[in-house]
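Beneath this line is the structure, given in structure tokens, with notes to follow.
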Amino acid sequence: MSHSGTPAPATARKSENLKGTVRIPGDKSISHRSFMFGGLAAGETRITGLLEGEDVINTGKAMSAMGAKIEKQGDTWIIQGTGNGALLAPQAPLDFGNAGTGCRLTMGLVGVYDFDATFIGDASLSSRPMGRVLNPLREMGVQVTGSNGDRLPVTLHGPKTPNPITYRVPMASAQVKSAVLLAGLNTPGITTVIEPVMTRDHTEKMLQGFGANLTVDTDADGVRTIRLEGRGKLTGQVIDVPGDPSSTAFPLVAALLVPDSDITIINVLMNPTRTGLILTLREMGANIEVLNARSAGGEDVADLRVRHSDLKGVSVPAERAPSMIDEYPVLSVAASFAEGRTTMTGLEELRVKESDRLAAVARGLELNGVECEEGETSLVVHGVPGGRGLGNAQGAAVTTHLDHRIAMSFLVMGLASEHPVTIDDARMITTSFPEFMDLMKGLGAKIGS
Ligand code: S3P
Numbered sequence: 000m001s002h003s004g005t006p007a008p009a010t011a012r013k014s015e016n017l018k019g020t021v022r023i024p025g026d027k028s029i030s031h032r033s034f035m036f037g038g039l040a041a042g043e044t045r046i047t048g049l050l051e052g053e054d055v056i057n058t059g060k061a062m063s064a065m066g067a068k069i070e071k072q073g074d075t076w077i078i079q080g081t082g083n084g085a086l087l088a089p090q091a092p093l094d095f096g097n098a099g100t101g102c103r104l105t106m107g108l109v110g111v112y113d114f115d116a117t118f119i120g121d122a123s124l125s126s127r128p129m130g131r132v133l134n135p136l137r138e139m140g141v142q143v144t145g146s147n148g149d150r151l152p153v154t155l156h157g158p159k160t161p162n163p164i165t166y167r168v169p170m171a172s173a174q175v176k177s178a179v180l181l182a183g184l185n186t187p188g189i190t191t192v193i194e195p196v197m198t199r200d201h202t203e204k205m206l207q208g209f210g211a212n213l214t215v216d217t218d219a220d221g222v223r224t225i226r227l228e229g230r231g232k233l234t235g236q237v238i239d240v241p242g243d244p245s246s247t248a249f250p251l252v253a254a255l256l257v258p259d260s261d262i263t264i265i266n267v268l269m270n271p272t273r274t275g276l277i278l279t280l281r282e283m284g285a286n287i288e289v290l291n292a293r294s295a296g297g298e299d300v301a302d303l304r305v306r307h308s309d310l311k312g313v314s315v316p317a318e319r320a321p322s323m324i325d326e327y328p329v330l331s332v333a334a335s336f337a338e339g340r341t342t343m344t345g346l347e348e349l350r351v352k353e354s355d356r357l358a359a360v361a362r363g364l365e366l367n368g369v370e371c372e373e374g375e376t377s378l379v380v381h382g383v384p385g386g387r388g389l390g391n392a393q394g395a396a397v398t399t400h401l402d403h404r405i406a407m408s409f410l411v412m413g414l415a416s417e418h419p420v421t422i423d424d425a426r427m428i429t430t431s432f433p434e435f436m437d438l439m440k441g442l443g444a445k446i447g448s
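Numbering (our numbering), first residue to last: 0 to 448.
This is the structure we're talking about:
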């Protein structure tokens, strides 16, 4: 879905104390994969807790266009899948809106089929690099046409018999790893992905859960070799999607920054490939209590109690980036209120997210009185404990570049800054966290238009 029409600016103001217990909507990565694998597997998949953000809904529409039957009964999404290898040719371009995950994973999933599939998206997605997925697909025999320098729109046409490859992922990207593995599902023989730096492992875990013959070997240096046997049977599953740690990050950081806050966030996914932000914030002095740690559906889940904390600046190791890649914008906001400076390195992937997040964060911080230094792959933020002088008294708006996480991060900033913080457009928030405004206001956040 594209967001043509009028932008909707929003302003966040200094708030008193955030209180309450909230449940965060389902994890975006797991929700996309639930629709994809449920749509592909034979028989019925039942999903509860699915994130009903625009990004995930677009993935559901794409799976329907390729033959899956998807309906919602009460709180449960029920999918009748096509069976592995039996997707149908989509009759119209598949529109992924703002979603890199939906688009790139589906390119792998259907790109190896011997028919045309065309991929389109909004202005943000159309400016993002697709070569990282198209190149391994080309090696598997996929014809790529219509692409403008490996940008959308793109049409893929698979060969009669795709070629199983061994692919070493050149950047830390779960989307690239996953696209190659999903292409391997409809490829005879063993598709091998070598992952030098571990990224989120939802594809591996969930494919095993759906019955794929997939193994993972990790060597002494942490290099992972993932082998998938193609053309096996996948069988529908029952999935309860845990709360998204990347969405959790916004109320969590807000509670740390707003004096006298004490909130509890329940049912949060604690998969170790996703918890880098919690580790970092704790190193900064954050009071985050992990309660009721448990295992649900093969994933670690917990409740988090978060209280206002005085933070201090730290150096965030570059190796931690994959486990908190979507959290740097809101970490930068936390760092803006910490004593001393916070140094973040290894941020090259931030340049190719929904926006160039490194630049977007740096410009937004500067506009709101924070001193920072933007390097090619790094960011240094000089914090102002208490938020004195932060915000923009003139009401100048942060440019969000169609990026939901830039929008939410700067609204969090406004809750603890002396002056209000305004963003130019809040509409993209619905791509990943449609409940954000109501949930934050329910905790006591002062956010308005
Ligand atoms: C995702 C992988 C990450 C992340 C994105 C979701 C996934 O992207 O930023 O929000 O679900 O596989 P990259 O693979 O580009 O790092």
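Beta carbons: idealized from backbone N, C-alpha and C, even for Gly.
In its own chain, which residues sit with a C-beta less than 8 Å from the C-beta of F114, not counting the 5 before and 5 after it? A88, H156, G157
Given a cut-off of 9 Å, decide if L255 and A333 are closer than it, judged by their beta-carbon atoms. yes
Leaving out five residues on either side along the sequence, give the residues of the same chain with a beta carbon under 8 Å from the beta carbon of L401. H2, N97, D121, A122, S123, E353, S354, D424, M427
Residues near R226 by beta carbon distance below 6 Å, same chain, minus five either side: I189, T191, T214
Which residues bound the beta strand (DSSP E) around Y166? 165 to 167
With the cut-off set at 9 Å, would you say L438 and I23 are in Cβ contact? yes
For L49 and E70, I'd like the C-alpha separation in whole angstroms. 13 Å
A292 - containing beta strand (DSSP E), residue span: 286 to 295
DSSP-derived helix/strand/coil call for I213: Correcting the residue type first, residue 213 is Leu in the shown sequence and not Ile. Looking at L213 - three-state DSSP - the assignment turns out to be strand.
With D220 as the anchor, note down where its alpha helix (DSSP H) starts and where it stops. Per DSSP, D220 belongs to no alpha helix (DSSP H) and is neither H nor E.
Q142 (DSSP reduced to helix, strand or coil): strand
Thinking just about the alpha-carbon of each residue, which of V380, R230, I238, L93 is nearest to the one in T75? I238
Using the three-state DSSP reduction, which class does M0 fall into: helix, strand or coil? With a pLDDT of only 45 at M0, under 50, the local geometry of the prediction cannot be trusted, and the value read off the model is given with reservation. The answer is coil: DSSP assigns M0 none of H, G, I, E or B.
For the region 389 to 409 against the region 359 to 373, do three or more pairs of beta-carbon atoms, one drawn from each stretch, fall closer than 8 Å, so that the two count as touching? yes
Of all the beta strand (DSSP E) runs that stay within the bounds of the region 46 to 125, which reach a length of 3 or more residues? 68 to 72, 75 to 79, 115 to 119
I want to check one thing, is the minimum distance from the CB of Q174 to the heavy atoms of ligand 1 below 8 Å? yes
Considering only the alpha carbon of each residue, which of N291, R281, R293 lies closest to K311? R281
R127: buried (16+ other C-beta within 10 angstroms of its C-beta) or exposed? buried
Grab the span of the beta strand (DSSP E) containing A450 for me, first residue to last. Examination of residue 450 is not possible in this model, given that the chain is present from 0 through 448 alone.
Would you mind working out which of S245, T47, G99 sits nearest Q72, comparing C-alpha positions? T47
According to DSSP, simplified to helix, strand and coil, what is A333? helix
Taking the alpha carbon of H307 as the reference point, which residue from A396, A285, V240 has its own alpha carbon closest? A285
Within its chain, find whatever has a CB closer than 7 Å to the CB of S335; leave out the 5 residues flanking it on each side and keep chain order. L364, V369, V380, G382, V383, L389, M412
Cutting at 6 Å between CB atoms, please list the residues of its own chain near M0, excluding the five before and the five after it. Summary for M0: the model assigns pLDDT 45, below 50, so the residue's position carries little reliability; its value from the coordinates is reported in the next sentence. Excluding sequence neighbours, M0 sits near E53, G96.
Which residues in the same chain as T344 place their Cβ atom closer than 6 Å to its Cβ, once the five residues preceding and following it in sequence are excluded? A317, S377
Heavy atom of ligand 1 less than 8 Å from the Cβ of S177, yes or no? yes
If you drop the 5 nearest sequence neighbours on each side, which residues of the same chain put their C-beta closer than 7 Å to that of R350? L357
What does the Cβ neighbour count give for K232, buried or exposed, with the cut at 16 atoms within 10 Å? exposed
Top-ranked residue by Cα proximity to V21, from S448, G443, G107: G443
Leaving out five residues before and five after A171 in sequence, what residues of the same chain have Cβ atoms less than 6 Å from its Cβ? V196, T198, P321
State yes or no: is the C-beta of I77 nearer than 8 Å to some heavy atom of ligand 1? no
Is there at least one non-hydrogen atom of ligand 1 closer than 8 Å to the beta-carbon of H381? no
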